[in-house]
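The sequence shown begins at 373 in my numbering and counts up by one. All C-beta atoms, glycine included, are put in the ideal place defined by N, C-alpha and C.
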Amino acid sequence: ELDDTQELNYHAIARAIADTGFTGFVAHEFVPTRDPLTSLKQGVEVCSV
């Protein structure tokens, strides 16, 4: 899950990628441990810049 236990700051990573001018898609592993739709929504929010 994308929470405070993550070692990677996915929002900062997504912003750094966007800052390079990249306009394609970025993917990451998705194995939710709670409600899948809630987890997917959170992932989209965190990675949207």
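- In the structure shown, the three-state DSSP call for D407 is coil.
- The Cβ atoms of P404 and E379 do not sit closer than 9 Å to each other.
- Sorting Q414, V421 and S420 by C-alpha distance to the C-alpha of D376 places Q414 at the top.
- G396 carries a coil assignment under DSSP once its states are collapsed to helix, strand and coil.
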